[in-house]
Each structure stands twice: as structure tokens, then as C-alpha cells.
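Chemist: Residue numbers (my numbering), protein chains in the order written: chain G, 440 to 580; chain P, 182 to 650. The C-beta atom is built at its ideal place from N, Cα and C for all residues, glycine as well. My questions will all concern the structure given below.
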Amino acid sequence: MMIKWFQRGVIVLIILASLYASIQNLISTKDLGSITDDPVADWEIRFGPLKAQLPFKRGVVGYISDSSIPGVSYNTANDEGEYVLTQYAIAPIIIVKGTNQEWNIANLDKAAYAVWSTTNHGQFEVIPFKDKLYLLHRLKK
Amino acid sequence: MNLLSSIGVFLLGIFTGVLIVHLIWDEEEILALMFKLFLGIGVGLGITSFAYFLSLLFFAGQHFFIYIQVGIFVSVLLISILRGKAINKISFHGIQLTYWQVGLLITVFLTIVFSISGALIVWMHRPSGTWDAYMIYNRTARFVYRDQSNWLQSFSKQIDPYFKADYPLLIPLNIASGWEVIGHETTYVPLVFSGLFIFACTGLFVSAIALTKSIWQAGVGLTILLNTTFFIMNGASQTADVPLSFFILSTVALIYLFVFKQNPRFLILAGITSGLAGWTKNEGILLIITMFVALFISFLKPSPLRPLGLYLTGLIIPLVFIAYFKLFLAPPSDLLSNGVTRSIQQILEWPRYITIFSSYVSHILAFGESALGIIPVLLIYALIFNFSPNKRLLPAYMTILLMVVFQMTGYYIIYLITPNPLDWQLTFSFERVLLPIYLPMLFLFFVLVTDIQVALNFKENKKQSENTV
């Protein structure tokens, strides 16, 4: 009989602990930040005008970011995240790293763009957009 | 309106799935019906993705998938009616509750409310999902939906292998078909899809334990499962881990039911669900192989031929889809992108074994991200209530354990040869890899440990309990 009561006590403890844990779990969701902090939505808005400027709906465009420019400092995680978000935003257009395509996206901060523009002068028509974004159209030789 | 229509687009597929499951297994007891409802959700969404895949192959750009869906549903409904498989009666047991049971029910209810709230918060903050969702599944769905006539370009070799365009298509095709039926792209479709799998996975887990033990055992199991924060958060993040967990859990529960009820049709259903696991994620393809070997070993005596034959019968159609996709459409996987020589070199680097093993131990001990330590709670629970295995069910226990061991071994080998930095790969993938293994292990735990209905002398449903122990 004692064992039964002991077992019932354990069940009660586990259930109460569960309830406490589920409240804690709920509280932990505050780490997600503000409801308006959706990086995907921000990226979609950022890329909207650039996407509209591309002359095709399906195809391949080049992509460079700060990590593509030698000597420029960058945050690896952010750089990787922005690459993924760019592909998501401009789907079904495929992005490939580099500027070998006719149309290329440059996601560069001010210092990186300055370095890039000095080494690539005259090779591209540059269409600037808001938020450090450029569309590069390779000029025919 | 968007939310309601996003729920509506999945209903035809779900009804079709439930009917197909009912056609294969026609039991009408209430717990069996519940189990079939939850199983039918996953099976139905799997069938939807197959149907959409075929419609893309033959009618890309035509945009009449809704008619195909209606046609499939009506056909399955007619077959059900003609074969007399309509549900005629639903049998309930008389339910009388003690204070203990009322307390347990209230706690379970509150845990469910908190879990739903947690998922809602994730959906409100991350309506497009998290990393894997927009890198792989929702991205592929966009590629297919936004230019359906050229949908095969979604698997172009020009796509960076980083984006995993070789991943199976159950999730992206459900999302793309949902958008097609609604007529526009909305974040509600993948969001509802992820919610359906959290719901189905939880329901399947509970109903499987209730069906084989008691609803009280299932209630305790549910509180533990829902306190595994990672399960809810990951599910709401729209990644493939909870859908994969659903199909692995379904396969395991169906094999357990096969031994428990001695009904061979469960193995056919297990074949279907393991095939759908392979159509959900590459790890699911590993499951098809590991489950085959686990079944072979566990049913060696008297003969593994019949169980394997039944399993393969269910598996064959999903396998054809997976094989066609992998052989003719999908770009190469990045797994061997370092080359065979480098992979062999990595296999020979013994420090990698230690790193992976250490990661296995530390991740398993801390698994779940729960404020309630899952492993310590289960250990205490097992010590107090003891295990009471049934000798007759040994092949089922063995199949589940072997499957888990083989899956973990498979992951170990993948970590050995991964072209990505090992620490990075372990940090960002291991907990997600563990989740689909965790659910079958939790199921095994609650069918092995003494039923609280028996241990605590709950009187209701005693007849059922006597059948199970």
C-alpha cells in the first residue's frame, strides 16, 4: 500500500514539474524578439525592386557579398544567412557565387563596394538600390 | 480567410489518407479510429505529394491539380462504400474518473494549451519558418510554384549544393500544391502544414500508447513529449524533422501493433509510412534500409520472409517515387562532394570518432531543451514503476531498438564523411537528427514501463489493461 502511495506521489511530482516546465518553455519564447523582427519578410521587401529590374523570371544570376572581396572584414554567419535569404527571395532565379553571369547581385557594404568598384571599373553597368544592394549588368565587349 | 483556406487545401488529402488507412485496417474501436485519424493525416499528405508530383510530370503548367485531388478522393470514397468499409459504429467505453485521473487530465490539458501557445508564438515571430525551412523546403516550393512549366529547373545542377536541391519532395510539393489550389503564395500554407504534423505526431504518439497500454499511460507520455520544448519549437519552425519523426514513429508503432494484434495489414501500412519517411528527408531513406535489416533480424525465427514481404508491399510505391526522383531528377548530394579519397581519409582520422562520440553523449544527455530534464525524469520514472516487458512482444521491442541503433550508426558514418566542418555540422544538426529517434524511443519506453493504470489500481478500462499486459 505504501508503494502505491509513493508511486502516486511521484506521478504528482512529475506532473507538477511538467506543468512548471511547460510554463518555463513558454516564457523562453521571448528570446525570439519582437514580432516585427522577421528577417525573411525584411529581405523580401529589400529585394523586391531589384527583382523587378531583372529582365527574366527564370535564369541564373551571379552573387557577391562582403566575403567575396579580399581584405574586407565581414561576419561569417551573417554573410551565409544573407546568401540563403537572397536565394529564397529571388526564387525561381538561381544564384551562383561570383560575377561571371550577365546579371549579378552585389550585396556589399560601403567599404566593400568601394574596393570592388576600383578593381572592376568599366566592366559593369551598376544599378544601385537601397540598403547596400547593387545590380551589376556585365557590359558587352 | 487566408488561414482558413490554407487549412482547407489540406483537407481533401487528409480525408483521402484516413479512408485509405481505414480500407487497409477497418477496426472501429474509438482508440483505433483516433490512431487511424492521426495516421491518415500523414499518409494523406504523402499521397497528395505523390499525386502532385505526377501531375507536374504530365500536366505541368495546366493548374488543375484540385480536380485530380477531388477525383482521387471520390474514387477512394466510392471504393470504401462499395467494400462496405464505412464506419458503422463507434464504441466508447463508459468513462468514470477518479480524482487522480481528473487531475492528470487537467494537467495534460494545461500542457497542451501551453504547447499550442508556444507554437503560436513561433509562428507569429517566424511566419516563413527558420533556416532549413526557407533554405530547403519553402525555397523548393517557390521554385516549383512560381514557374510551374519549368519546374524541373528546381533541381538544376547550377543550384549550389548548399541549398540541398536533392532533398525529397513531400514537404515542398504539399506547399506548392496548396499555393496552387488557393491561387497565390501565402506563408499560412507551410505554417498550417507544420501545425498538422505537430498535431498528427502528438496524436499518433498518444493514441498508439493508449491503444496498446492505457489512456492514463498515454497521458503521462503526452506531458513528457510536450515538455520536450525542442519538439514543439522545431515543428513550428517548418523544418522536416517533425514530419520525419511522424513517419518514423508511425512505422515503429505499426510494427508494434503488428506483433501486438497479429494483424499482417499493419506491416503493409508500416511499409507505406517508412517509404513516406524516405520521401520526406534523406534520413528517411536510411530508415527504409535500417528498418528492413531490423525486421529481418527480429523476425529471423521462424522466418523473416512473410514480415519482409508485407513490409515491401507497402513500401514499393513510395520507393518507386523516391528512386525516380533520385535517379532522374535530383542533382548530386553534397555528401560526397569532397571526393571518395577525402571521405576515406576522414574515415581513417580517429579523432573524428572521439569528437562524434562525445557529441552523441553530450547531446543525448541534454536533449529536448526542456526545463524538465527528460532523461533524469524518465530514469526516475523507470526506477519507481519498473519495466514490465511482455515476452510475446519481444520481436517488436527488438525491431525498434535495432532500428534506433542502426540509424545512429548511419548518422555516425555520415558525420565521419561529411564535407562540412565537423564541429559546425554536429552543433547545427545533431539535435535535429536526434528528434526522429527520440519519439520511437519514448514510445518504446512507455510501452515497456509498467502501465500506471495497473500500478495505481485505476479501475476503468480494466478489461483493456488485462489484454495488454
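#1: Taking three-plus beta-carbon pairs below 8 angstroms as touching, is the region 398-418 of chain P in contact with the region 284-303 of chain P?
#2: Look at the alpha carbon of P/L214 and the alpha carbon of P/G227, and state the distance between them as a whole number of angstroms.
#3: Measure the CB-CB distance between P/G452 and P/G495 and report whether it falls below 7 angstroms.
#4: Leaving out the 5 sequence neighbours to the left and right, which residues in its chain are closer than 7 angstroms to P/L486 when beta-carbon positions are compared?
#5: Taking G/D477 as the query, report the chain A residues whose CB atoms sit under 9 angstroms from its CB, ordered along the chain.
#6: What number of angstroms, rounded off, separates the C-alpha of P/L529 from the C-alpha of P/T522?
#7: Going along the chain, which unbroken runs of the alpha helix (DSSP H) with 4 or more residues stay wholly within the region 500-550 of chain G?
#8: Find the residues of chain G that neighbour P/A391, judging by a C-beta separation of less than 8 angstroms, and give them in chain order.
#9: So, for P/N642: in the same chain, excluding its five sequence neighbours on each side, which residues have a beta-carbon less than 8 angstroms away from its beta-carbon?
#10: DSSP on P/E361, reduced to helix/strand/coil?
#11: Check for me: the alpha helix (DSSP H) holding P/L651 runs from which residue to which?
#12: Evaluate the contact criterion for the region 556-575 of chain P versus the region 604-613 of chain P: three or more CB pairs, one atom per stretch, below 8 angstroms.
#13: Output the distance between the C-alpha atoms of P/L212 and P/K345, rounded to the nearest integer angstrom.
#14: Would P/L546 be called buried (16 or more neighbouring beta carbons within 10 Å of its own) or exposed?
#15: Just curious, the beta strand (DSSP E) that G/Y606 is in, first and last residue?
#16: Check for me: the alpha helix (DSSP H) holding P/P617 runs from which residue to which?
#17: Does the Cβ of G/P567 have 16 or more other Cβ atoms within 10 Å, making it buried, or fewer, making it exposed?
#18: Between G/G520, G/G561, G/K579, G/W542, which lies nearest to G/Y573 when the distance is taken from Cα to Cα?
#19: Listing by chain order, which chain P residues have their CB less than 7 angstroms from the CB of G/A491?
#20: Which word fits P/A399, buried or exposed, when buried means at least 16 other C-beta atoms lie within 10 angstroms of its C-beta?
#21: Beta strand (DSSP E) containing G/E564: first to last residue?
#22: Using three-state DSSP, classify P/E209 as helix, strand or coil.
#23: Should P/M472 go down as buried or exposed, given a rule of 16 or more other Cβ atoms within 10 Å for buried?
#24: Please report the straight-line C-alpha distance between G/I508 and G/N546, rounded to a whole angstrom.
#25: Taking 7 angstroms as the threshold (C-beta atoms), are P/L392 and P/F626 in contact?
#26: Return the chain-ordered list of same chain residues with a C-beta closer than 7 angstroms to the C-beta of P/H544, the five sequence neighbours on each side being excluded.
#27: For the pair the region 218-227 of chain P and the region 375-385 of chain P, tell me if three or more CB-CB distances fall below 8 angstroms.
#28: Please list the terminal residues of the continuous alpha helix (DSSP H) segment that includes P/S543.
#29: If you check the beta carbons only, do P/I378 and P/V433 fall under 7 angstroms apart?
#30: Look at the alpha carbon of P/D313 and the alpha carbon of G/F445, and state the distance between them as a whole number of angstroms.
#31: With DSSP as the reference, label P/N183 as helix, strand or coil.
#32: Counting pairs of beta carbons, one from the region 238-250 of chain P and one from the region 475-491 of chain P, are three or more of them closer than 8 angstroms?
#33: Would you say G/V565 faces chain P, with C-beta separation under 7 angstroms as the test?
#34: Check P/P483 in the structure and name its three-state DSSP category.
#35: Measure the alpha-carbon distance for G/F495 versus P/L448 and round it to whole angstroms.
#36: Can you name, in chain order, every residue of its own chain whose Cβ lies under 6 angstroms from the Cβ of G/K443, other than the five neighbours on each side?
Modeler: With the given structure in hand:
#1: The region 398-418 of chain P is in contact with the region 284-303 of chain P.
#2: So the two alpha carbons sit approximately 19 angstroms from each other.
#3: yes
#4: Cβ-Cβ distances below 7 angstroms link P/L486 to nothing in the same chain once the five nearest sequence neighbours on each side are left out.
#5: Structure shown: chain A not included; protein chains present are G and P.
#6: 11 angstroms
#7: 515-529
#8: Those within 8 angstroms of P/A391 in chain G number zero; the least Cβ separation is about 17 angstroms.
#9: Confidence in P/N642 is poor, its pLDDT being 47 and thus under 50, which makes the residue's placement unreliable; the coordinate value appears in the next sentence. Cβ neighbours of P/N642 beyond the five flanking positions: H274, S395, I396, Q634.
#10: helix
#11: In the structure displayed, chain P extends from 182 to 650; residue 651 of chain P sits before or after that span and is not available.
#12: no
#13: 39 angstroms
#14: exposed
#15: No answer is possible for residue 606 of chain G: the residues shown for chain G start at 440 and end at 580.
#16: 603-629
#17: exposed
#18: G/W542
#19: Simply none; closest approach about 14 angstroms.
#20: buried
#21: 563-568
#22: coil
#23: buried
#24: 11 angstroms
#25: no
#26: Here the set comprises F611, E612, L615.
#27: yes
#28: In this chain, the alpha helix (DSSP H) harbouring P/S543 covers 531-546.
#29: In the sequence as displayed, the identity of residue 378 of chain P is Phe instead of Ile. No; because the gap between Cβ atoms is not below 7 angstroms, this pair is not in contact.
#30: So the two alpha carbons sit approximately 45 angstroms from each other.
#31: helix
#32: no
#33: no
#34: coil
#35: Straight across, the Cα-Cα distance linking G/F495 with P/L448 is about 50 angstroms.
#36: none
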